[in-house]
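>
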Amino acid sequence: MQFHIEQLTQSDAETIATWHYDGEYAFYDAEADADDLAELLDPALRGDSMFGVRDGAGELVGFFAFQIADGVVDYGLGLRPDLTGKGLGLNFVRAGLDFARTRFSPKNIQLRVAAFNKRAIKVYQRVGFREVEHYMNRTNGGEFEFVRMELMDT
Numbered sequence: 004m005q006f007h008i009e010q011l012t013q014s015d016a017e018t019i020a021t022w023h024y025d026g027e028y029a030f031y032d033a034e035a036d037a038d039d040l041a042e043l044l045d046p047a048l049r050g051d052s053m054f055g056v057r058d059g060a061g062e063l064v065g066f067f068a069f070q071i072a073d074g075v076v077d078y079g080l081g082l083r084p085d086l087t088g089k090g091l092g093l094n095f096v097r098a099g100l101d102f103a104r105t106r107f108s109p110k111n112i113q114l115r116v117a118a119f120n121k122r123a124i125k126v127y128q129r130v131g132f133r134e135v136e137h138y139m140n141r142t143n144g145g146e147f148e149f150v151r152m153e154l155m156d157t
């Protein structure tokens, strides 16, 4: 699948807000955390840090989010729920990394993932991320273990 990346539109943000993941992955539903949902839906809060990802037919298939500080890109991403678990993750993650490298020329790229999400961690490791920190994060109405991962070769 080819991925086309463009600034996230309000319509895309509203669509992403309706996405619902199955089982334990419902943790990633936008509405699971009020602050995350507000940031997604409010253009002033979202700023220019989020990008919609479309396939060759122009369908919204996911999003990327990039926060930049001191030359480090904090990389966030989400694949449309019906596309998860179908072998698209590796190329999807790589597309976001290529975009980040070209657009931001970072000295480092990192991401954060819920520790239970072994499926995502495996994909991130396959593209070159390594675990550097485990920590507790308050989100979604509770406190959950997260893993911070850094790309070994930016």
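Residue numbering for the sequence shown follows the working numbering, beginning at 4 and increasing consecutively. We put the beta carbon where it would ideally sit given N, CA and C, even for glycine. Small disclaimer: the values here were computed from a predicted structure and weren't measured.
1) Taking only three categories from DSSP, how would you classify R83?
2) List in chain order: all unbroken beta strand (DSSP E) runs of 3+ residues lying wholly within the stretch 110-156.
3) Thinking N143 and A72 are a contact (beta carbons under 8 angstroms), I'd like their distance in whole angstroms, please.
4) Going by C-alpha to C-alpha distance, which of R115, A117 and L100 sits closest to P109?
5) Please state the DSSP three-state secondary structure of Y31.
6) Please identify the residue among F30, A98 and G145 whose C-alpha is closest to the C-alpha of D58.
7) Rounded to whole angstroms, how far is the Cβ of F69 from the Cβ of Y78, which I believe are closer than 8 angstroms?
8) Which residue wins for smallest C-alpha separation from V196, given the options G145, K89, I112 and F30?
9) Between which two residues does the beta strand (DSSP E) holding G65 run?
10) For H7 and V126, what's the separation of their Cα atoms in angstroms?
11) Answer with buried or exposed for D156, where buried requires no fewer than 16 other C-beta atoms within 10 angstroms of its C-beta.
The short version:
1) Taking the first residue of the sequence shown as position 1, residue 83 is located at position 80. R83 falls in the coil class under three-state DSSP.
2) For the beta strand (DSSP E) assignment, the uninterrupted runs of no fewer than 3 residues enclosed by the stretch 110-156 are, from N- to C-terminal side, 111-117, 132-142 and 145-154.
3) In the sequence shown, the residue the question calls residue 143 occupies position 140. In the sequence shown, the residue the question calls residue 72 occupies position 69. So it is not a contact: roughly 24 angstroms between Cβ atoms.
4) Position 106 of the sequence shown, counting from 1, holds the residue named residue 109. Closest by alpha carbon: L100.
5) Residue 31 sits at position 28 when you count from the first residue of the sequence shown. Assigned with DSSP and collapsed to three states, Y31 falls in helix.
6) The residue labelled residue 58 in the question sits at position 55 within the sequence shown. Taking only the C-alpha atoms, the option nearest D58 is A98.
7) If you number the sequence shown from 1, residue 69 lands on position 66. If you number the sequence shown from 1, residue 78 lands on position 75. Between Y78 and F69 the Cβ distance is about 6 angstroms, and since that is below 8 angstroms, they are a contact.
8) Limits of the chain in this structure are 4 at one end and 157 at the other, which puts residue 196 out of reach.
9) Counted from its first residue, the sequence shown places residue 65 at position 62. L63 to A72 is the span of the beta strand (DSSP E), which, as asked, contains G65.
10) Position 4 of the sequence shown holds residue 7. Position 123 of the sequence shown holds residue 126. When rounded, the separation of the alpha-carbon atoms in H7 and V126 is 20 angstroms.
11) The residue given as residue 156 occupies position 153 in the sequence shown. Exposed is the call here.
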